[in-house]
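Protein chains: 2
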Amino acid sequence: MEFLSGVSRKDTLEISELAQAEKVGQKVKVNGAVHTIRNMGTVAFVILRKREGLLQGVYEEGVSAFQLKEIREAAAIEVEGILEKNEKAPNGIEIRMETLRVLSEPEDEMMPLAISKWKLKTSLDAKLNYRPIALRNIRERAKFKIQEGIVRAFRDFLYGEGFTEIHTPKLGAKSAEGGANLFRLEYFHRPAILQQSPQLYKQMMVGVYDRVFETAPVFRAEKHNTKRHLNEYTSLDLEMGYIDGFEDVMAMETGFLQYMVKLLAEEYKKELEILDVSLPNVERIPAVRFDEIKSLVSEKYERKMRNPFDLEPEEEQLISRYAKEEWDSDFVFVTYYPSKKRPFYAMDDPEDPRYTLSFDLLYRGMEITTGGQRIHDYHMLLEKMAARGMTEEGLTHYLDTFKHGMPPHGGLGIGLERLTMKLVGEDNVRETTLFPRDLSRLEP
Amino acid sequence: MEFLSGVSRKDTLEISELAQAEKVGQKVKVNGAVHTIRNMGTVAFVILRKREGLLQGVYEEGVSAFQLKEIREAAAIEVEGILEKNEKAPNGIEIRMETLRVLSEPEDEMMPLAISKWKLKTSLDAKLNYRPIALRNIRERAKFKIQEGIVRAFRDFLYGEGFTEIHTPKLGAKSAEGGANLFRLEYFHRPAILQQSPQLYKQMMVGVYDRVFETAPVFRAEKHNTKRHLNEYTSLDLEMGYIDGFEDVMAMETGFLQYMVKLLAEEYKKELEILDVSLPNVERIPAVRFDEIKSLVSEKYERKMRNPFDLEPEEEQLISRYAKEEWDSDFVFVTYYPSKKRPFYAMDDPEDPRYTLSFDLLYRGMEITTGGQRIHDYHMLLEKMAARGMTEEGLTHYLDTFKHGMPPHGGLGIGLERLTMKLVGEDNVRETTLFPRDLSRLEP
Chain A
14 MEFLSGVSRK DTLEISELAQ AEKVGQKVKV NGAVHTIRNM GTVAFVILRK REGLLQGVYE
74 EGVSAFQLKE IREAAAIEVE GILEKNEKAP NGIEIRMETL RVLSEPEDEM MPLAISKWKL
134 KTSLDAKLNY RPIALRNIRE RAKFKIQEGI VRAFRDFLYG EGFTEIHTPK LGAKSAEGGA
194 NLFRLEYFHR PAILQQSPQL YKQMMVGVYD RVFETAPVFR AEKHNTKRHL NEYTSLDLEM
254 GYIDGFEDVM AMETGFLQYM VKLLAEEYKK ELEILDVSLP NVERIPAVRF DEIKSLVSEK
314 YERKMRNPFD LEPEEEQLIS RYAKEEWDSD FVFVTYYPSK KRPFYAMDDP EDPRYTLSFD
374 LLYRGMEITT GGQRIHDYHM LLEKMAARGM TEEGLTHYLD TFKHGMPPHG GLGIGLERLT
434 MKLVGEDNVR ETTLFPRDLS RLEP
Chain B
14 MEFLSGVSRK DTLEISELAQ AEKVGQKVKV NGAVHTIRNM GTVAFVILRK REGLLQGVYE
74 EGVSAFQLKE IREAAAIEVE GILEKNEKAP NGIEIRMETL RVLSEPEDEM MPLAISKWKL
134 KTSLDAKLNY RPIALRNIRE RAKFKIQEGI VRAFRDFLYG EGFTEIHTPK LGAKSAEGGA
194 NLFRLEYFHR PAILQQSPQL YKQMMVGVYD RVFETAPVFR AEKHNTKRHL NEYTSLDLEM
254 GYIDGFEDVM AMETGFLQYM VKLLAEEYKK ELEILDVSLP NVERIPAVRF DEIKSLVSEK
314 YERKMRNPFD LEPEEEQLIS RYAKEEWDSD FVFVTYYPSK KRPFYAMDDP EDPRYTLSFD
374 LLYRGMEITT GGQRIHDYHM LLEKMAARGM TEEGLTHYLD TFKHGMPPHG GLGIGLERLT
434 MKLVGEDNVR ETTLFPRDLS RLEP
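Residue numbers (our numbering), protein chains in the order written: chain A, 14 to 457; chain B, 14 to 457.
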């Protein structure tokens, strides 16, 4: 019998602890993974990979109380020694290694990828095939640390704005947005689907908490094999009641982006530097009507408009180019999307029902958010469903919620991997997905 | 064209803003859902449901500039009026309503459940059938606000301890823990499964970030129909490297529980009061060996021990009773679980390989966590798999990661709904699951 009374504090130190001035000249103990060894003869540099970065250990024949050959690349070790300043070493410090304790040995120290190189110069396919190894590269892992910062900012910002976090089920009987894009499975001898969005749940929960959000996986059985599509991704969803219009939702997203930029600058400085990322200016984000920006772009770049009710990927690129050139913004809200491109729950513009009170947010040429005001009136919902030839099947609970009153509301969904991709300057969404799922990839 | 420059601040006020002393006597504007109306003749009390609680509006015939019949229960409204103190009203304040703006009308104000009652006296089945409505009850919704606090504490605590948040895929080719408990589906003409745990992914990521966590859904096709089982639930998972033993993992969980209790006491006081919840004392949590506690319980409560290598639900109850009586603790770690009850990746006790370096955490008679040290040595993994007759099929990437070095590590998984259930004193896990999925329930 013993008692646990809280986190066990260790005498091994992390880089931020070592970097404190008073530690220099002292004997310290550290652990880490052997990232690489540079053997210069009687002296060798043993670079340890730790969660906060790289740490240089110096081996000296006759001084260190062990043999260099006892250290293998990819091993996990613990060393003790004197901490010294060295401008050339990572973080300006190094440890003159005295004693060694090997914590874990690799079976094979020949890595399938040269992870200790600064840039992992290999194909995306190779990186994804060896993902758990590839991510040991300092630049690769920095991307997902920044991704953490984005999700963290989303949640922290929304807690502060009075939102409640919810956890909605991913297994369901039928999805309202329905159709061909659903993964289907058998659930105890009944047909089931994987939710492609928490849309209907978050709307129902607006009737409970006024403002809700969720950060969770969504599943789309789309047969797209592009640089921007995934079959499973993390969706940052919010839904808010008592809005005066969908502008309130865009304003909330702008607030989130401002908070995100601030949090990243404060807490993820190291990773931003590793990846040489400049944070975007989000002080003000332009919002322009769908039909208006189509004309503007068509005029400025002398491009023939084919379909006035749809946006081609190339047009998204041009709209972002326009926003950058005319308004100096990496982001642009495109508003009043055509009704036929939006789901049944989108609220039509009463002034012109061919358009909806909705928006997309484009970031450097790519849609990263879809949002808008939703229908809150039970009858209006039924009418729009009828006009689309939809039945109430599988929507009973959703519709019942509206029957018993719902405030005016709207919301949005942000694709986490896409936002990360554009922020760190990648051009394939798989680069910023930990373990991507696409048409051909179900492992690792 | 317009610009968005951040969150739109409204002139409508929330309860915490109204509760500030300087607002009393002033004209204020609020919105909310009409929770209930008590008509006393020439005066009526209109109770608004807002995200921070209930707010009393006072209607006075001839004084209020509208008719009472314009307000229907379940409508969303906006009112203006003078704020006054009233000790008997919720939060000690009320609004003498002057003007009314109806934001949204219900189709049917007759609720299927009496949500405005303090306690929703109805069957669990009825509550789950009308979940989006049932949750409008103040006590029902408070449970999930507390659940938010638990998840939030888990993340905030772990960020502070140097953990990195990860998002691992829920669709996979095959799970290592395999077997009958997996939901299966077709993934673009290939067989796929839904992950029953992020176990293998979080272990692989220890090689990248040293310490990782995830808060995400897991899927279990178990045919249990009990008060404690769900087929989809939210798992709070962590995995940490460079441990000296599984005691470090228990210590980390104790630290989390201490942080959680503190955060709930500070930020979720209102909800704790609504549900009359007393937070548990987690200053120190006893840890006792599996074989030892079995004997102790058997002796103290004169209960015949049937199987020395398994724990029956009744024994879990008795162990918690013992921990409460002998050590005054609602929590108890049971350590060194029998090897045959643990998965292949669990590290056996070198002193006695019939047991593992692992633990469960029991909370008021129920297992809410399973954790322990994992095997980090490639050969030891292969040997244990061989001894269990397992093949490497579907585990190639996992095993490769160990081939290339992994530090000693361990981790745990906490069932969010179970922890919430025990914390708020419910006796069925469905009570603390927003939209439960069980053998018979796939909707709403």
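Using N, Cα and C, we set each Cβ at its ideal position, and we do this for glycine too.
1) If you run the structure through DSSP and keep just helix, strand and coil, what is residue 186/B?
2) So, with DSSP's three-state summary, where would you put residue 13/A?
3) Quick one: what's got a C-beta closer than 8 Å to residue 193/B's C-beta in the same chain, skipping five residues either side?
4) How many angstroms separate the CA atom of residue 204/A from the CA atom of residue 61/A?
5) Taking a cut of 8 Å between CB atoms, which residues from the segment 390 to 401 of chain A lie near chain B?
6) Which one or two residues does DSSP pair with residue 379/A in a beta bridge?
7) If you run the structure through DSSP and keep just helix, strand and coil, what is residue 393/A?
8) Residue 346/A touches chain B at which residues, Cβ-Cβ below 8 Å?
9) Could you have a look at residue 328/B and say whether DSSP puts it in helix, strand or coil?
10) Count the other C-beta atoms from every protein chain shown that fall within 10 angstroms of the C-beta of residue 440/A, then say buried if there are 16 or more, exposed otherwise.
11) So, does the CB of residue 340/B fall closer than 9 Å to a CB anywhere in chain A?
12) Excluding sequence positions up to five away, which residues of its chain have a Cβ less than 7 Å from the Cβ of residue 28/B?
13) Looking only at its own chain, which residues have a Cβ that is under 8 Å from the Cβ of residue 287/B, when we skip the five neighbours before and after it?
14) Under the rule that 16 or more other beta-carbon atoms within 10 Å means buried, what is residue 430/A, buried or exposed?
15) Touching or not, the segment 43 to 55 of chain B and the segment 317 to 329 of chain A, by the rule of three or more beta carbon pairs under 8 Å?
16) For residue 261/B, go through chain A and note every residue whose CB falls closer than 9 Å to its CB, in chain order.
17) Roughly how far, in whole angstroms, is the beta-carbon of residue 433/A from the beta-carbon of residue 445/A, given that I think they are within contact range, below 8 Å?
18) Residue 20/B lies in the alpha helix (DSSP H); which residues open and close that run?
19) Answer with buried or exposed for residue 377/A, where buried requires no fewer than 16 other C-beta atoms within 10 angstroms of its C-beta.
20) Does the CB of residue 456/B have a neighbour CB from chain A at under 9 Å?
21) Can you tell me the Cα-Cα spacing of residue 157/A and residue 165/A, whole angstroms?
22) Grab me the residues of residue 94/B's own chain with a C-beta within less than 6 Å of its C-beta, minus the 5 sequence neighbours each way, in chain order.
23) To the nearest angstrom, report how far apart residue 269/B and residue 282/A are at their CA atoms.
24) Skipping 5 residues on each side, what residues in its chain have a beta carbon closer than 8 Å to that of residue 406/A?
25) Measuring CA to CA, which of 391/B, 30/B, 416/B, 257/B is closest to residue 458/B?
26) Go through the segment 199 to 271 of chain A residue by residue and report every complete run of the alpha helix (DSSP H) that reaches 4 residues or more, in order.
27) Could you please tell me which residues of the segment 42 to 54 of chain B, in chain order, have their CB closer than 9 Å to any CB of chain A?
28) Any beta carbon of chain B sitting closer than 9 Å to that of residue 26/A?
29) With the cut-off set at 9 Å, would you say residue 229/A and residue 275/A are in Cβ contact?
30) Between the C-alpha atoms of residue 161/B and residue 167/B, what's the straight-line distance to the nearest angstrom?
31) Span of the alpha helix (DSSP H) holding residue 147/A?
32) Rounded to the nearest angstrom, how far is the Cβ of residue 436/A from that of residue 290/A, given a contact under 8 Å?
33) Looking at residue 418/A: is its Cβ nearer than 9 Å to the Cβ of residue 258/A?
34) What residues of chain A sit near residue 201/B, judged by a beta carbon separation below 7 Å?
35) Kindly confirm or deny that the segment 358 to 370 of chain B and the segment 379 to 391 of chain B touch, where touching means at least three C-beta pairs closer than 8 Å.
36) Could you round the C-beta distance between residue 114/B and residue 83/B to whole angstroms and report it? I think they count as a contact, below 8 Å.
On the basis of the supplied data:
1) As a position in the second sequence, residue 186/B is number 173, starting the count at 1. In this structure, residue 186/B counts as coil in the three-state DSSP scheme.
2) Since the displayed chain A opens at 14 and closes at 457, residue 13/A lies outside it and no answer follows.
3) In the second sequence, residue 193/B corresponds to position 180, counting from 1. Short of 8 Å from the beta carbon of residue 193/B, and not among the five residues preceding or following it, lie these beta carbons of its own chain, in chain order: 234.
4) Translated into the one-based positions of the first sequence, residue 204/A becomes position 191. Translated into the one-based positions of the first sequence, residue 61/A becomes position 48. Going by the C-alpha atoms only, they are around 51 Å apart.
5) Residues of the segment 390 to 401 of chain A with a C-beta atom less than 8 Å from some C-beta of chain B are 390, 391, 392, listed in chain order.
6) As a first step, residue 379/A is located in the first sequence; it is residue number 366 there, counting from the start. Residue pairing by DSSP places residue 379/A opposite 376/A in a beta bridge.
7) In the first sequence, counting from the first residue as 1, residue 393/A sits at position 380. It is helical.
8) Locating residue 346/A in the first sequence gives position 333, counting from the first residue. In chain order: 17.
9) Position 315 of the second sequence holds residue 328/B. Helix at residue 328/B.
10) On the first sequence, position 427 is the one that residue 440/A refers to. Under a 10 Å Cβ-count criterion, residue 440/A is classified as exposed, with fewer than 16 other Cβ atoms of the shown protein chains found around its own Cβ.
11) For this step, residue 340/B is matched to residue 327 along the second sequence. Answer yes: the Cβ-Cβ gap between residue 340/B and chain A drops below 9 Å somewhere.
12) What you label residue 28/B is simply residue 15 of the second sequence in a count that begins at 1. Excluding positions up to five away in sequence, the list reads 63, 65, 66, 68, 104.
13) One-based indexing of the second sequence puts residue 287/B at position 274. Scanning its chain for C-beta atoms nearer than 8 Å, with the 5 sequence neighbours on each side dropped, one finds around residue 287/B the residues 151, 152, 155, in chain order.
14) Translated into the one-based positions of the first sequence, residue 430/A becomes position 417. Under this definition residue 430/A is a buried residue.
15) Flag = no, the segment 43 to 55 of chain B and the segment 317 to 329 of chain A do not touch.
16) Within the second sequence, numbered from 1, the residue matching residue 261/B stands at position 248. Those within 9 Å of residue 261/B in chain A are 20, 21, 23.
17) Within the first sequence, the letter at position 420 stands for residue 433/A. Within the first sequence, the letter at position 432 stands for residue 445/A. Residue 433/A to residue 445/A, Cβ: 4 Å. Contact.
18) Against the second sequence, residue 20/B aligns to sequence position 7. Segment: none, residue 20/B is in no alpha helix (DSSP H) and carries neither H nor E.
19) Here residue 377/A refers to the residue found at position 364 when the first sequence is read from its first residue. The residue in question, residue 377/A, is buried, as its Cβ has 16 or more Cβ neighbours within 10 Å.
20) For the purposes of this step, residue 456/B is taken as the residue at position 443 of the second sequence. At least one CB of chain A lies nearer than 9 Å to the CB of residue 456/B.
21) In the first sequence, residue 157/A corresponds to position 144, counting from 1. In the first sequence, residue 165/A corresponds to position 152, counting from 1. So the alpha carbons of these two residues sit roughly 12 Å apart.
22) Looking up residue 94/B in the second sequence gives position 81. Here the set comprises 108, 109, 110, 111.
23) The residue labelled residue 269/B in the question sits at position 256 within the second sequence. The residue labelled residue 282/A in the question sits at position 269 within the first sequence. Computed Cα separation, rounded: 27 Å.
24) Mapped onto the first sequence, residue 406/A falls at position 393. In chain order, 187 place their CB closer than 8 Å to the CB of residue 406/A, counting only its own chain and leaving out the 5 sequence neighbours on each side.
25) An answer regarding residue 458/B cannot be provided, because it is not within the stretch 14 to 457 covered by chain B.
26) Runs found: 212 to 222.
27) Within the segment 42 to 54 of chain B, the qualifying residues are 44, 45, 46, 47.
28) As a first step, residue 26/A must be located in the first sequence, where it is residue number 13. By this cut-off, residue 26/A is not an interface position.
29) Here residue 229/A refers to the residue found at position 216 when the first sequence is read from its first residue. Here residue 275/A refers to the residue found at position 262 when the first sequence is read from its first residue. Not a contact, by the Cβ cut-off of 9 Å.
30) Translated into the one-based positions of the second sequence, residue 161/B becomes position 148. Translated into the one-based positions of the second sequence, residue 167/B becomes position 154. Roughly 10 Å separates the two Cα atoms.
31) The residue labelled residue 147/A in the question sits at position 134 within the first sequence. Per DSSP, residue 147/A belongs to the alpha helix (DSSP H) from 144 to 147.
32) Locating residue 436/A in the first sequence gives position 423, counting from the first residue. Locating residue 290/A in the first sequence gives position 277, counting from the first residue. Between residue 436/A and residue 290/A, the beta carbon gap of about 7 Å places them in contact (Cβ cut-off 8 Å).
33) Counted from its first residue, the first sequence places residue 418/A at position 405. Counted from its first residue, the first sequence places residue 258/A at position 245. When the beta-carbon positions are compared, residue 418/A and residue 258/A stay at least 9 Å from each other.
34) Along the second sequence, one-based indexing puts residue 201/B at 188. Ordered by position in chain A, the residues that pass the 7 Å Cβ test against residue 201/B are 452.
35) Enough Cβ pairs lie closer than 8 Å, so yes.
36) As a position in the second sequence, residue 114/B is number 101, starting the count at 1. As a position in the second sequence, residue 83/B is number 70, starting the count at 1. Rounded, the Cβ-Cβ distance is 10 Å, inconsistent with contact.
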